Amino acid sequence: MGRKMKKMEFFIVPHPRGTVRVDVYKKNGSYEAHAKFKDVATAQASGNDKHLAVLQALHELAKFLNKYKGS
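Residue 41 is where the sequence shown starts when you use the numbering used here, and the numbers rise one by one after that.
Printed below as a string of structure tokens:
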């Protein structure tokens, strides 16, 4: 069995259409960020740098939401 991820912190990011919640986890020296917009979409990213993982997760979520908005 692998070790569980430890939740470190979370952020609430304001958005004109709602809020985005970003949960940051740490496991074995790397970070994993999960960005969630309402019940519409969730994106995740991971890496050795916490801030970069958060930015990548937010970027992936934004790309998806822009596609979703355009359809």
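Note that beta-carbon positions come from the ideal geometry of N, C-alpha and C, so glycine has one too. Quantities reported herein were computed from a predicted structural model and do not represent experimental measurements.
Buried versus exposed call for residue i [16 or more other C-beta atoms within 10 Å across all chains shown]
| i | result |
| --- | --- |
| residue 77 | buried |
| residue 80 | exposed |
| residue 72 | buried |
| residue 63 | buried |
| residue 108 | exposed |
| residue 74 | buried |
| residue 53 | exposed |
Continuous beta strand (DSSP E) stretch holding residue i: start and end
| i | result |
| --- | --- |
| residue 63 | 58–67 |
Three-state class that DSSP yields for residue i in the structure shown
| i | result |
| --- | --- |
| residue 80 | coil |
| residue 46 | strand |
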